[in-house]
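Note sheet for the following structure.
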Amino acid sequence: MRWELDGFVVSLTAAAPATVDAYRRDLVHFTAWAAANGLSQPSEVDRRVLRSYLVHLSDEAMAPRTIARRASTLRRYFRWAARTGRVPVDPAISLRAPRGTGRLPRVLHDDQLQHLLEPPVTARRAPEQPETADDRIVRARRQRDDAVVEVLYGSGLRVAELCGLQVGDL
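Counted the way my numbering counts, the sequence shown spans residues 1 to 170.
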């Protein structure tokens with residue numbers, strides 16, 4: 001029995017395409033390492049082998065977050081392999097890798113935020129000029145953009161979370 005990566009990937013029905021691609025890349029890397037170490041199928045892998053692989057990744061100076069993601073991929077793959085009878089027991093059931101330090105987002109200073117919210121010079125119109133339809137559209141878009149920036153800055157939402165907001169959520 002071989003690794004059957006395609007069967008595993010097909011089973012990832014609820015995963016985002018980028019996640020599926022990352023799992024495939026992680027598993028291709030692992031299976032290449034396993035082959036170089038004389039392992040040709042998942043039933044030959046035990047917890048010791050998985051720990052050796054994680055040590056190898058660390059020795060290759062991979063970032064702790066990358067190692068943690070690859071450990072997560074292996075846990076998911078071997079859970080699938082055990083559930084589908086490809087391995088008798090899941091060797092990755094309690095496999096853990098150091099997470100490393102989390103990255104904090106950079107925060108704007110008050111003057112940077114103020115500069116961001118200032119209307120551009122080209123959007124300023126002389127008060128004696130009547131407002132045109134184009135001016136109203138520009139003003140409405142500017143108000144929308146300002147609201148987006150203020151919600152992002154004031155709430156700490158991620159862009160994807162903001163894009164998913166509905167009027168009823170506010």
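Note that beta-carbon positions come from the ideal geometry of N, C-alpha and C, so glycine has one too. Remember, predicted model here, so these are calculated numbers, not experimental data.
In terms of Cα proximity to F30, the closest of A18, S11, R51, A15 is R51. In this structure, DSSP gives H109 a state outside helix and strand, which the three-state scheme calls coil.
Of the candidates L117, R136, G154, the residue whose Cα lies closest to the Cα of D145 is L117. Per DSSP, D169 lies in no alpha helix (DSSP H) and is assigned neither H nor E.
In the three-state DSSP reduction, T13 falls in the coil class, being neither helix nor strand. In the structure shown, the three-state DSSP call for R86 is coil.
One alpha carbon belongs to L74, the other to G156, and they sit about 32 angstroms apart. Here L54 is near A97, since their CB atoms are less than 7 angstroms apart.
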